[in-house]
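2 protein chains.
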Amino acid sequence: MGSMTIKDIAKLCGVSVTTVSRALNNYPGINQATKEKIMQVVSENQFIPNNSARNLKRLESNAVAVLVKGISNPFFQPMIGVLEKRIHERKYTFLLQGVNGDEDEIDVALELVLEKKPKGIVFLGGYFCHTQEKLKLLDIPCVIGAVGDIDEKSGRICSCVHVDDVRESYKMVDYLCRMGHTRIAILVASREDMSISAQRLEGYRQALRANGIPVREELICYSTTDADAYNMERGYRDMKRLLASGIDFSVVYAISDTVAVGVCRALKEEGKRVPEDYSVAGFDGLDIASYYIPTITTVRQPVEEMACAVADILFDAIEEHRPAQHRIFEGELLVRESSRRLV
Amino acid sequence: MGSMTIKDIAKLCGVSVTTVSRALNNYPGINQATKEKIMQVVSENQFIPNNSARNLKRLESNAVAVLVKGISNPFFQPMIGVLEKRIHERKYTFLLQGVNGDEDEIDVALELVLEKKPKGIVFLGGYFCHTQEKLKLLDIPCVIGAVGDIDEKSGRICSCVHVDDVRESYKMVDYLCRMGHTRIAILVASREDMSISAQRLEGYRQALRANGIPVREELICYSTTDADAYNMERGYRDMKRLLASGIDFSVVYAISDTVAVGVCRALKEEGKRVPEDYSVAGFDGLDIASYYIPTITTVRQPVEEMACAVADILFDAIEEHRPAQHRIFEGELLVRESSRRLV
DNA sequence: TTGTAAGCGTTATCAA
DNA sequence: TTGATAACGCTTACAA
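Chains as they are written, first to last, in my numbering: chain H, 1 to 343; chain C, 1001 to 1343.
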């Protein structure tokens, strides 16, 4: 049978729809006995309230939405976990929604706001270059997590939490230089990328310059596609290509730890030892970087702390009406087995 | 200003709401000029239709929902990717929703059905032991992906696509036995688990029996918590514990490849070589298993094919009204560097 | 080709 | 403590 409505329940209980609604929503000022009776009929008939009708009528909800572009990115997994926990602790409903690669996250958010009326939104992933005008339309507290810099004007509307990708990347490359490396290959995303990949590349350039090492374009290896720029296969493929090219280098710095894993495997298969023949470095500080053999030198982003900050800032804005905040976290250079001093 | 409605647009254009609705929904029988004018006003004012109102009124949508319990499980990532692609190809809207660990997936689905009226649902993850009664309430085509066996009666209502976890696990353990191993440690989920972990353990028991090897309870290592039963840290921790216990074994069979990674790392740190000192085997056939050093012996589940089957079965049910189907896929034993014959 | 008006299932307002 | 009733923003007969 085509699912019950609140009216059917009202009829079955011999009360009005208002009373049923009150029972359903735990409103005060309703007779305990009436309420119990209603709730029993509700569960006997497995009645489920229609959320569309609720959302349509309700002026506000108690939800916080998390929109993730690239939900398969392992970097976001601990973030999502922490966010879920925090949001629940604060007695909000946690709304997780994936954003397709070809969708505009703000458009998705705008629809969501009309539909579900969340109290706040967290954006994870994506590029995030939106006009302030569009951001203003959102009109509820927003925090962007771990997407690198956003432009200054937008920053007054949206909070953001991230590491300084240029600086952290600089840290890594500077370390490699100090270890005596001068021919440092880097695996970045596509040439068109304007996001974290571009920033990490900028850090690379700055560090080389600061160490008096010329930037050699042939050592910058761009991904041909944007889709798989961050996976193991990509690192594997490009590493094999790099080795075959005969280009000389002593260390490979990969845009992410997953790519670094592919790099290590390719080296292994070509009979090269890490770090004896080539050093390898990654970025992010994923679990796999510390469980791989060899463990992989990386820059750890403090994901859990960052996720906590995202939540705190959002709730500050929701509950205390605090203005947008920007928190930049310090990454941690983790020197591990995959890199060594060049003698 | 508090967001426009279709009425405002109608007023601005000097037409009725019906006409606006027609323009918005690409209905036939509307003057091209009127339509263009309306669409211009719509975009000038950045009008966004309210989905709650739409869903409330509409008798059906064109969406297919994918509900994932444990969205961070790397096993589901390629599945989700393929599903998204297939669903889009068929011109359906792809709805991805996470289900919290403590939520009942059917309850979530029931709400969703009322709210969004999808044409079909895919369930990934979770345990899936629901009464047929409850499943019947859903009343739209459902496919359960990769969750192992569901009980027979439910099977008439829901389709399912999976590998035979008992048989595949048997395959792995039988292989290990044939390689001369008799002391095979296994890392499974918690004692209470009734899902894939229990089935893989059953396959282990059967294979040992078939090979005339007694099942030794001390070689069965249960996870203390259910939450992290499948991650690297868990494998690492339990492996260290197992080594410290002094229990004798020649191979460790982990419930998943991620756990196997943790196992390998722990062995490495204790100065043990894989496979010379201990063999290691995993399950699932994740990318990392083929990129790890050593590459990890595993049973590959044909995820992409399985995801395609999920989609095909669902669309068969939606468009051709075909009854529930069950497809059991064959896993593939991948013998790799992490295991060896015991001499 | 366009408009009028009746719902969709709920919550909010007000009165009883 | 309860109930009538008017919205919420949209789609869809049906009428013009």
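Glycine included, every Cβ here is placed at the ideal spot set by N, Cα and C.
Please read all numbers here as calculations on a predicted model, not as lab measurements.
- [ ] Note the first and the last residue of the continuous beta strand (DSSP E) segment covering ARG300 (chain H).
- [x] 298-300
- [ ] For PHE1283 (chain C), decide whether its Cβ has a neighbour in chain H, counting only Cβ atoms nearer than 9 Å.
- [x] no
Task: Beta-carbon neighbours of ALA53 (chain H), restricted to chain C and to distances below 8 Å - done: SER1052, LEU1056
Task: One or two residues paired with PHE94 (chain H) in a DSSP bridge - done: H:VAL64
Open item on the list: Let me see if you follow: with CB-CB separation under 9 Å, is ALA264 (chain H) close to chain C or not?
Closed with: Correcting the residue type first, residue 264 (chain H) is Cys in the shown sequence and not Ala. Yes, contact with chain C.
TODO: Starting from TYR170 (chain H), follow the alpha helix (DSSP H) in both directions and report where the run begins and ends.
DONE: 165-178
TODO: Quick one: using the 10 Å Cβ neighbour count with 16 as the cut-off for buried, is MET1194 (chain C) buried or exposed?
DONE: exposed
- [ ] Answer with yes or no whether the minimum CB distance from TYR1291 (chain C) to chain H is below 9 Å.
- [x] yes
Task: Inside the region 1036-1065 of chain C only - alpha helix (DSSP H) runs reaching at least 4 residues - done: 1051-1057
Open item on the list: So if I threshold CB-CB distances at 7 Å, which residues from the region 1104-1115 of chain C count as touching chain H?
Closed with: LEU1110, GLU1111, LEU1114, GLU1115
- [ ] Going by CA-CA distance only, name the one from C:VAL1066, C:SER1290, C:VAL1064 that's closest to LEU1334 (chain C).
- [x] C:SER1290
Open item on the list: Taking the alpha-carbon of THR93 (chain H) as reference, which of H:ASP104, H:PRO275, H:ILE121 has the nearest alpha-carbon?
Closed with: H:ILE121
Open item on the list: Cβ closer than 7 Å: which chain C residues qualify as neighbours of GLY120 (chain H)?
Closed with: None at all; the shortest Cβ gap to chain C is about 17 Å.
TODO: Return the residue from the list H:VAL274, H:CYS158, H:TYR127, H:ARG327 that minimises the CA-CA distance to HIS321 (chain H).
DONE: H:CYS158
- [ ] Starting from the N-terminal side, write out each stretch of the beta strand (DSSP E) that is 3 residues or longer and does not extend beyond the region 109-142 of chain H.
- [x] 120-124
- [ ] For the region 1027-1052 of chain C, enumerate the residues whose C-beta is nearer than 9 Å to any C-beta of chain H, in chain order.
- [x] GLN1046, ILE1048, PRO1049, ASN1050, ASN1051, SER1052
Open item on the list: Across the region 42-55 of chain H and the region 1110-1119 of chain C, are there enough close Cβ pairs to call them in contact, namely three or more that are closer than 8 Å?
Closed with: yes
- [ ] Report the residue from H:GLU305, H:THR18, H:ALA23 whose alpha carbon sits nearest the alpha carbon of SER43 (chain H).
- [x] H:ALA23
Open item on the list: Comparing C-alpha positions only, which one of H:ARG200, H:LEU243, H:ILE318, H:PRO323 sits nearest to PRO118 (chain H)?
Closed with: H:ILE318
Open item on the list: Cutting at 8 Å between CB atoms, please list the residues of its own chain near VAL147 (chain H), excluding the five before and the five after it.
Closed with: PHE123, LEU124, GLY125, GLY126, TYR127, PHE128, CYS160, HIS162, SER195, ILE196
Open item on the list: Using only CA atoms, which one of H:ILE220, H:ASP174, H:ILE184, H:SER190 lies nearest to ASN211 (chain H)?
Closed with: H:ASP174
Task: Contact list for MET179 (chain H) against chain C, beta-carbon separation under 7 Å - done: Chain C residues near MET179 (chain H): none, gap ~22 Å exceeds 7 Å.
Open item on the list: By DSSP's criteria, ILE1220 (chain C) is part of a beta bridge. Which residues make up the other side?
Closed with: C:ILE1186
Task: Cβ-based neighbour list, ASN62 (chain H), same chain, cut-off 8 Å, excluding 5 preceding and 5 following - done: LYS91, TYR92, THR93, LYS119
Task: Cα-Cα separation, PHE1283 (chain C) to ILE293 (chain H) - done: 19 Å
Open item on the list: For a test of the three-state rule: what should DSSP assign to GLY1145 (chain C), helix, strand or coil?
Closed with: strand
TODO: Anything in chain C within Cβ reach of MET239 (chain H), meaning under 8 Å, just list it in chain order.
DONE: Those within 8 Å of MET239 (chain H) in chain C number zero; the least Cβ separation is about 11 Å.
- [ ] Using a threshold of 9 Å, state whether the C-beta atoms of SER1250 (chain C) and TYR1222 (chain C) are closer than that.
- [x] no
Open item on the list: Going by DSSP in three states, GLU192 (chain H) sits in which element: helix, strand or coil?
Closed with: coil
Open item on the list: Does the structure place the region 77-92 of chain H close enough to the region 1079-1086 of chain C that three or more beta carbon pairs sit under 8 Å?
Closed with: no
Task: Buried or exposed (CB count within 10 angstroms, at least 16 for buried), ARG1273 (chain C) - done: exposed
- [ ] Determine, using beta carbons only, whether PHE1094 (chain C) comes closer than 9 Å to chain H.
- [x] yes
Task: Check whether ILE1288 (chain C) and GLU1337 (chain C) have beta carbons under 9 Å apart - done: no
Open item on the list: Using only the alpha-carbon positions, how far apart do LEU201 (chain H) and VAL188 (chain H) sit?
Closed with: 7 Å
Open item on the list: For a cutoff of 9 Å on Cβ pairs, would you count ASP1287 (chain C) as touching chain H?
Closed with: yes
Open item on the list: Would LYS1134 (chain C) pass as an interface residue toward chain H - the criterion being a Cβ-Cβ separation below 9 Å?
Closed with: yes
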